[in-house]
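If you count by our numbering, then the sequence shown holds residues 4 to 231, one letter each, in order.
Note that beta-carbon positions come from the ideal geometry of N, C-alpha and C, so glycine has one too.
Report on the structure given below.
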Amino acid sequence: MARPLPGPDDDPRRGCAATRGADGRPLHAAALRFFWGPMDCGKSTMALQMNHNHARQGRRGLVTTRIDRSLGPQVTTRIGLAHAAIEVTDGLDLRDLVNDAWAEGVRVDYLICDEASFYDLEHVEQMADLVDNYDVDVYAFGLATDFRSCLFPAARRLFELADSVARIQVEVLCWCGREGLLNARVIDGRVVREGEQVVIGDTVDTADVRYQVLCRRHYRAGELGPRD
Numbered sequence: 004m005a006r007p008l009p010g011p012d013d014d015p016r017r018g019c020a021a022t023r024g025a026d027g028r029p030l031h032a033a034a035l036r037f038f039w040g041p042m043d044c045g046k047s048t049m050a051l052q053m054n055h056n057h058a059r060q061g062r063r064g065l066v067t068t069r070i071d072r073s074l075g076p077q078v079t080t081r082i083g084l085a086h087a088a089i090e091v092t093d094g095l096d097l098r099d100l101v102n103d104a105w106a107e108g109v110r111v112d113y114l115i116c117d118e119a120s121f122y123d124l125e126h127v128e129q130m131a132d133l134v135d136n137y138d139v140d141v142y143a144f145g146l147a148t149d150f151r152s153c154l155f156p157a158a159r160r161l162f163e164l165a166d167s168v169a170r171i172q173v174e175v176l177c178w179c180g181r182e183g184l185l186n187a188r189v190i191d192g193r194v195v196r197e198g199e200q201v202v203i204g205d206t207v208d209t210a211d212v213r214y215q216v217l218c219r220r221h222y223r224a225g226e227l228g229p230r231d
């Protein structure tokens with residue numbers, strides 16, 4: 004895998020084959036970018052918008068996810084947007100996705116990796132390989148910390164390897180009005196500090212396991228705010 008395979012649209016008659024990829028962008032200009040933020044900040048919405056913007060410019064990409072709130076192979080958002088996606092399983096190699104697509108004559112210029120904090124460490128290494136050895140852009144979106152305020156392993160590795168890391172700027176507020184920073188897990192009306200790192204839940208009050216974004220002060224105090 005030291006050299007990228009030629010893309011299906013590569014054509015030496017295009018003139019700049021030595022310096023340009025199949026999508027016209029300079030070779031070796033690909034990047035691994037990680038966009039992060041707490042729940043409800045619009046990570047999945049931004050992922051779908053990114054995919055839309057690139058596709059409009061003629062680029063071709065794959066959308067992947069892991070443990071989407073819908074529990075299906077799709078990226079969904081709380082504002083009602085949805086897009087079919089490839090479910091990332093333990094044994095899936097992201098490089099194989101690109102190789103398989105190229106083998107079928109489908110060009111791949113970029114990957115959108117939603118819920119990236121739930122990926123395995125190996126998947127993050129594969130993202131870096133796709134950028135460095137395949138000239139495929141990778142845009143990863145996910146949480147930084149879990150319900151214990153500890154970094155997810157994949158998020159930590161993305162912080163270490165990504166060419167750029169950006170916090171999504173859509174502000175999420177704690178119930179007190181301060182900026183929300185941390186994702187609290189709530190069961191039976193109280194903040195819990197122990198349990199599996201990944202447990203599927205939602206932010207709605209009716210969920211058996213729900214999550215609430217809190218400021219640091221109220222996360223540490225376990226205060227969820229007044230209830231009607």
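Secondary structure note for Gln52: its alpha helix (DSSP H) is the uninterrupted segment 46-59. Residue range 219-224 is occupied by the alpha helix (DSSP H) that includes Tyr222, with no beta strand (DSSP E) assigned at that position.
About 28 Å separates the Cβ atoms of Cys177 and Cys116, ruling out a contact at the 8 Å cut-off. For the beta strand (DSSP E) assignment, the uninterrupted runs of no fewer than 3 residues enclosed by the segment 153-190 are, from N- to C-terminal side, 167-170, 185-190.
Taking 8 Å as the cut-off, the beta carbon of Val127 is found closer than this to the beta carbon of Leu164. In this structure Pro41 is buried. Its beta-carbon is surrounded by 16 or more other beta-carbon atoms within 10 angstroms. In this structure Asn54 is buried. Its beta-carbon is surrounded by 16 or more other beta-carbon atoms within 10 angstroms. Just measuring C-alpha positions, the residue of Leu65, Glu174, Gly61 sitting nearest Ala143 is Leu65.
The Cβ neighbour count for Arg220, taken over all protein chains shown within 10 Å, is under 16; the residue is labelled exposed. Taking a 10 Å sphere around the C-beta of Asn56, we find fewer than 16 other C-beta atoms and assign the residue as exposed.
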